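Below you'll find the structure, written out as C-alpha cells, and then a few comments.
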Amino acid sequence: MKTGVIKILWSVGALLALTAGAWADSAWIAGADSKATDKGLSYNGKIEEIKVVGGQASLVLIWETSGQPKAFPMNRVRRVAVDDVPELGTADEAYAGGDYKKAISLYGALQSKSPKPWIAPYVNFRLVDCFAQTKQFARSVKALIDLCRAGSPLAEAVKLPAVMARKSPDNATAAAALDEVLAAKPPVASIEKLKRLRMNILLVEGNPEDVIPVVEAELKNPNEELRSLARIKQIELLLVLGKLDEMDKAIVLGRKELDAEYSPSLFYYEGRMLYEKKDFLHAALAFMRTPILYSMSNKPLAAECLVWAARSMKAEGQVPKSELLIPLREALDEKYKGTEGAAQAEKMLKELGS
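Note that my numbering has the sequence shown beginning at 9, numbered continuously upward.
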C-alpha cells in the first residue's frame, strides 16, 4: 500500500512538473486602445506560433487559464518571455525598456540559435525597429529583407524604417540591397513593402523633377496605401517645384480620395500653397485647422502648423502682434514639448521680442 501511494505521489509530481513547464512562457499584451507607453498585462501559457488571425499578424499563445489558444495582434505585444529560450526574454525586456543598443546585441546572439520556427522572424521583426531607433537605416533594411525572405506574416506588420537625410551613406547601402532583391524578382512575401521602401529612398535622394513621374505612376497602384502616400508626396513635390495650380488640383483630388488620417497633411499643404500665392490670411486659416482638429492625433504637424499660421499673419502685415503671438504660445504648450514646431515657435517668439 505504501509503495502504491509513493507511486501515485511520483506520478502527480511528474504531472505537475510537466504542467509547470507547459505554461512557462509569458507575453505582455497592451490594451486595444493603449498608448505606446502601456507596458501590457502578462498572459502566461505556451507560445505556439505567429500567424495571420483576423487579417493581422498575431502571436498565438495557449493560455494557461483556459488551455485554449489566444491570438494577440503584434502591435499590442510589448514583449515575451520563453522558458527554454531565456535570452529572448532578456532581449525583449531591453527592447521594451527602450535600451535598443543592448537589445541589438542580445537579439544578434539569438539569430544563430532559434529552436522554435517563429523566433528567427520575431528577432528580425524587433531588429528592424531597434536599428531604426538607433539610426542604423541600412541594417534595419537588411533585417526587413531577411524578414520578407522568410515569408513571415510579421513582414506585413513591421513598420518601415525612416530614410536617413539626403546623401547619407546608409541610404546608398540600403538602396543597393533593395535593388539586388527586387532585380531578382524573388517570390518573397511583402514585395510591395520593399518596393515602397525603395521609393521612399528615391524620394529623399532623387531630384524633384526626376522623382515626380515615379510618384505619379504610383497613383495607379492597386494598393490603396501606396496610392495615398503617392498623392501626398505628389503634392509635396509640386510645392517644391512651384507648380501651385497643379498642386491645388492635387489637393482637391486628395480630399476626394484619401482617408481622414491624411486630412492634417492636406490642410498643411493647402496652407503652404496659399502662403506661396501670398493669400496670407486664408493660409493662416488653413494652417489652424490642423491644431484645432488634430492636436492630439498629429502633434508634430499641429505644432508646425501653429508656427506657419503665425508666419502667415506676420506676412499679412495688418495683424496685431498680440494675435500672431497666440499660435506661437500655443505651440509651446506641454503637449507639443519636444516637437520641431515647438522649437521653431520659441525661436520666433525671441525674434519678436516676446
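C-beta atoms are modelled at their ideal positions from N, C-alpha and C, and glycine is treated no differently. Predicted model, so just to flag it, every value in this text is computed and none were measured.
Mind checking whether residue 248 and residue 216 have CB atoms under 8 Å apart?
-> yes
Leaving out five residues before and five after residue 176 in sequence, what residues of the same chain have Cβ atoms less than 6 Å from its Cβ?
-> none
Sorted by chain position, which residues of the same chain lie with C-beta nearer than 6 Å to residue 288's C-beta, five sequence neighbours on each side aside?
-> 320, 323 and 324
Assuming residue 281 contacts residue 252 under a Cβ cut-off of 8 Å, what Cβ separation, rounded to an integer in Å, is found between them?
-> The pair is a contact, with the Cβ atoms about 6 Å apart (cut-off 8 Å).
Taking the continuous beta strand (DSSP E) assigned at residue 86, which residues delimit it?
-> Where residue 86 is concerned, the enclosing beta strand (DSSP E) stretches over 85–89.
Of the listed residues 109, 133 and 278, nearest to residue 169 (C-alpha basis) | 133
In angstroms with no decimal places, state the Cα-to-Cα distance between residue 105 and residue 46.
-> 11 Å
Which residue spans inside the stretch 308–350 form an unbroken alpha helix (DSSP H) run of at least 4?
-> Runs found: 329–339.
Roughly how far, in whole angstroms, is the beta-carbon of residue 137 from the beta-carbon of residue 110, given that I think they are within contact range, below 8 Å?
-> About 14 Å separates the two Cβ atoms, so there is no contact after all.
Alpha carbon of residue 239 to alpha carbon of residue 121, nearest angstrom | 44 Å
Per DSSP, residue 278 is paired with what?
-> Paired residue(s): none; residue 278 is not in a bridge.
Any contact of the stretch 183–195 with the stretch 94–102, i.e. 3+ C-beta pairs under 8 Å?
-> No contact exists between the stretch 183–195 and the stretch 94–102.
Could you give the distance in angstroms between the alpha-carbon of residue 93 and the alpha-carbon of residue 362?
-> The straight-line gap from Cα to Cα measures roughly 58 Å.
Buried or exposed: which applies to residue 343, given that a residue is buried once 16 or more other Cβ atoms fall within 10 Å of its Cβ?
-> exposed
Compute the beta-carbon to beta-carbon distance between residue 155 and residue 129, rounded to the nearest angstrom, for a pair I have assumed lies under 8 Å.
-> 6 Å
Residues bridged to residue 60 by DSSP?
-> Paired residues: 65.
Is residue 336 near the ligand ATP, with its Cβ less than 7 Å from a heavy atom?
-> Although the ligand ATP was asked about, the structure shown includes no ligands whatsoever.
Run of the beta strand (DSSP E) containing residue 33, from where it starts to where it stops | 33–37
When DSSP labels each residue in this structure, what does residue 215 get in the three-state scheme?
-> Residue 215: coil per DSSP, three-state reduction.
Rank 345, 88 and 61 by C-alpha distance to the C-alpha of residue 77 and give the top, closest one.
-> 61
Can you list the beta strand (DSSP E) stretches of 3 or more residues lying completely in the stretch 136–168, in chain order?
-> The qualifying runs do not exist here; there are none.
Kindly list the residues whose CB is nearer than 6 Å to the CB of residue 79, restricted to its own chain and excluding five residues on each side of it in sequence; keep chain order.
-> 61, 66 and 68
If we ignore side chains and look at the alpha-carbon of each, how far apart do residue 209 and residue 55 end up?
-> 37 Å
According to DSSP, is residue 77 helix, strand or coil?
-> strand
Where residue 48 sits in the DSSP three-state scheme | coil
What separation, rounded to the nearest whole angstrom, lies between the Cα atoms of residue 244 and residue 123?
-> 47 Å
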